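Take a look at the structure set out below.
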Amino acid sequence: MTKEKTNTTDLETMRHSMAHIMASAIVSLWPEAKLGVGPAVADGFYYDIDLGDNKLSEDDFARIEKAMIKIINEKQPFTKQIKPIDEAIAWAKSSKQPYKEELLNDLKRAGTTVAKDLDKNELGTITDGETKTDEVSFYQNGDFVDLCRGPHVEHTGKVGAFKLMRVAGAYWRGKESNPQMQRLYGVAFATKEDLNKYLQRIEEAKKRDHRKLGKELDLFVISDLVGPGLPLFTPRGTVLRDELGNFSQELQAKYGYEKVMIPHITRSDLYKASGHYDKYPEKFTVTSEESTDEFLLKPMSCPHHAQIYVSRPRSYKDLPIRYMENTQVYRDEKSGELHGLSRVRMITQDDSHCFCSPEQVAQELTNIVEMVREMYTVLGMEFRAILSFRDDEDKYLGDIKTWEQAQSALEETAKAQKIDYEVVEGEAAFYGPKVDFMVKDALDREWQCATLQLDFLQPDRLNLEYTDNQGNKQRPVMIHKALLGSIERFLSVYIEHTAGKFPIWMAPEQIRIISVNQEYGTTSFAEGIVDQAKKLGLRIGFDNDSESVGKKIRKSEQDKVPYTLVIGPKEVKDGVVTPRIRGDMAVIAVHPELGIDEFLKTVAHEVKGRVTKSSL
Ligand SMILES: [Zn+2]
Ligand SMILES: [Zn+2]
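Using my numbering, the letters of the sequence shown correspond one by one to residues 832 to 1447.
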């Protein structure tokens, strides 16, 4: 037995050592426990355990944690032992650890325990033939011995802070015919402070979960009869979708994009021509009683827009031609992977396609980067760009000069716009460079939203042409882009980013009037404001319930309405209002009385300017 001398205290080593500590605690509490594997994972660790009929629950966590803390306080050294493989197999047998025995047999037979590298049917089989592994290492802390490659921290006292989080079922080695184990998860960090920060962030993320807020704020519903992954948007949710979609199109219109409209089903021949047919295994097929053609629910819009382009001869004078459309595409995602609005089967993209000459590419890319910048500045989100460029390999399609011009235009624009960016060489698709815009939310999580992709392939496949100034036929370059990406997915991000406190221009209800009493004078005065607001295009609600004013104000706060007006005898008499402003929007503490006209016009102005702070 040799004492392991290591100073490796990186998080992963700590987390993996924590898995040993948890396993030793489990074995001390349930000596019959049979152990699987216990790796470090993002934010923590887990161990797969077979406890027979004994089902772990959160009620057991405190007891396990206590046993773990005891082991941690004992500062048990992790010591390493090397055993010949057959001796190791004999150990696993005698200590009644069948899962370890299986892993050891795999090591002996195939030299690995990684299930994906092994033939599925051979997992755990025994061989008398050639031995691929001569000896294996074991690690011991206290009385607990575990098959492991290491490394570990020096002793159990050096593992930082942890918390057990949940227990879930997991098939042994991911194979459904195998026994179901219990996977016990914990999180672990170097310090108590880091752990607390992490736990607070999880709590905050739970509060902001878009599925929860979607229900509370009445934004969207999922109906069993309609099916999973097919959200239905309520009037309030539809306002959000429309405001985002309109914003995207308004921005694009400034740069010369024109709206087009395509159907939702299409003969699959289109995708065979474009080359997408085999690329989308998650297609929805539509059958026709009229024809024998195969129809698909469109999984993308690109080849359709290209069909509009080819519908008439194009000259260099017509270029660039820019089409935009907020439209749905459909992907038959696995039901287990569907999640609220972030993973759905109906995806609304703010898709666009620009067809231009190689000389025009640089300007078009610059325009797109400017649009992305304006959009996310207004949305109040930081972002960075990942520029995926070509390398020296010769697998790339298209003219090298066009590639180089496009790539340098992208980088120049990123610099000029002071965008945080990173160039990744060799990550471009073979048919063109692309840019992914990573957006950061209020919880510091990054999401890929906007994208742009140059495409030298589709124009070829779909035979897109224009006549240049010499009268020769040329291929245009196609640029795909989306500013929001999927509107559903973006909404899931934005609901959580804002915690449902949408900026005034997006808010489903921008102003709510609360009446102090239900007398005729109050009601008709309030109704007058409602009419006036509607004429200015504002979304306004009127709460004329007989509840107390305090209760109605709280309700308006819960609904996260930006401006709340309380209307009582004084307001009616003087024709003024004192707006209550939602906390995140307020700039000054005390708000003055305002004439109704002035108030409504100011709000309309704020909506138009898509501001995030109140000017009142
Ligand atoms: Zn280990
Ligand atoms: Zn496209």
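A virtual CB, placed ideally from N, CA and C, is assigned to each residue, including glycine.
Computed from a predicted model, the values in this text were never measured in an experiment.
Query	Result
State the start and end residues of the unbroken beta strand (DSSP E) segment that holds histidine 1311.	1308–1317
Are the Cβ atoms of glutamine 1083 and serine 1183 separated by less than 8 Å?	yes
Ignore the nearest five residues each way along the sequence and tell me which others in isoleucine 903's own chain have a CB closer than 7 Å to its CB.	Ile852, Thr987, Gly988 and Val990
Is aspartate 879 close to ligand 1? I mean its beta-carbon at under 7 Å from any heavy atom of the ligand.	no
Below 8 Å, how does it come out for the segment 1206–1216 and the segment 1259–1275: are there three or more Cβ pairs, yes or no?	yes
Which same chain residues end up closer than 6 Å to phenylalanine 993 when comparing Cβ atoms and leaving out the 5 residues on each side of it in sequence?	Met849, Gly1017 and Ala1019
On the criterion of 16 or more Cβ atoms from any shown chain inside 10 Å, does lysine 834 qualify as buried, or is it exposed?	Confidence is the limiting factor: at lysine 834 the pLDDT is only 39, short of 50, which leaves the residue's position unreliable, though a coordinate-based value still follows. Per the 10 Å Cβ criterion, exposed.
Can you grab the Cα-Cα spacing for the pair alanine 1001 / methionine 1012, in whole Å?	5 Å
Work out the CA separation of methionine 845 and leucine 1030 for me, nearest whole Å.	18 Å
Note down, in chain order, each residue of its chain lying with its Cβ closer than 6 Å to the Cβ of lysine 1444, except the 5 sequence neighbours on either side.	Met1416 and Val1418
Would you list the one or two residues that DSSP bridges to lysine 914?	Val967
Sort Arg894, Thr1353 and Tyr877 by Cα distance to aspartate 1405 and report the nearest one.	Thr1353
Run the CB neighbour count on serine 1317, radius 10 Å, all protein chains shown included, and call it buried at 16 or more, exposed below.	buried
Given 8 Å as the limit, is there contact between the segment 1166–1176 and the segment 1148–1156, that is, 3 or more CB pairs closer than that?	no
Measuring only the C-alpha atoms, how far is glycine 1229 from lysine 1265?	14 Å
Out of Lys1439, Ser1387, Leu1285 and Val1347, point me to the one whose CA is closest to glycine 1331's CA.	Ser1387
Is any heavy atom in ligand 2 found nearer than 7 Å to the beta carbon of phenylalanine 1079?	The residue you asked about is not phenylalanine; residue 1079 is serine in the sequence shown. For ligand 2, not one heavy atom lies less than 7 Å from the Cβ of serine 1079.
Using a Cβ-Cβ cutoff of less than 6 Å, which residues in the same chain neighbour glycine 1045 once the five nearest sequence positions on both sides are dropped?	Phe1051
Could you tell me if lysine 1401 is buried or exposed, where buried requires 16 or more neighbouring beta carbons within 10 angstroms of its beta carbon?	exposed
Touch check for the segment 1306–1320 and the segment 1190–1202: three-plus C-beta pairs under 8 Å?	yes
Check whether the segment 1286–1293 touches the segment 1244–1263, counting contact only when three or more Cβ pairs, one atom from each stretch, lie closer than 8 Å.	yes
Taking 8 Å as the cut-off, decide whether the C-beta atoms of tyrosine 930 and lysine 865 are in contact.	yes
Do the CB positions of aspartate 1163 and arginine 1143 come within less than 8 Å of each other?	no
For the candidate residues Ser1446, Arg1292 and Ser1119, whose alpha-carbon lies nearest to that of proline 1334?	Ser1446
Between the Cα of arginine 1039 and the Cα atoms of Leu1431, Phe1373, Arg1204 and Leu1274, which residue gives the shortest distance?	Leu1274
Could you please give the first and the last residue of the uninterrupted beta strand (DSSP E) stretch that includes histidine 1170?	Where histidine 1170 is concerned, there is no enclosing beta strand (DSSP E), given that its DSSP letter is neither H nor E.
Specify the secondary structure class of tryptophan 1234 as computed by DSSP and reduced to three states.	helix
Check each residue's C-beta against every heavy atom of ligand 2 and list, in chain order, those closer than 5 Å.	Cys1133 and His1311
Just the Cα atoms here: how many angstroms apart are serine 1323 and serine 1377?	35 Å
Compute the distance between the beta-carbons of histidine 1250 and valine 1200, then report whether it is under 8 Å.	What sits at residue 1250 in the sequence shown is isoleucine, not histidine. Taking 8 Å as the Cβ cut-off, isoleucine 1250 and valine 1200 qualify as a contacting pair.
Based on the DSSP output, what are the partners of lysine 1509 in its beta bridges?	Absent from the model: residue 1509. The displayed extent of the chain is 832 to 1447, so no value can be given.
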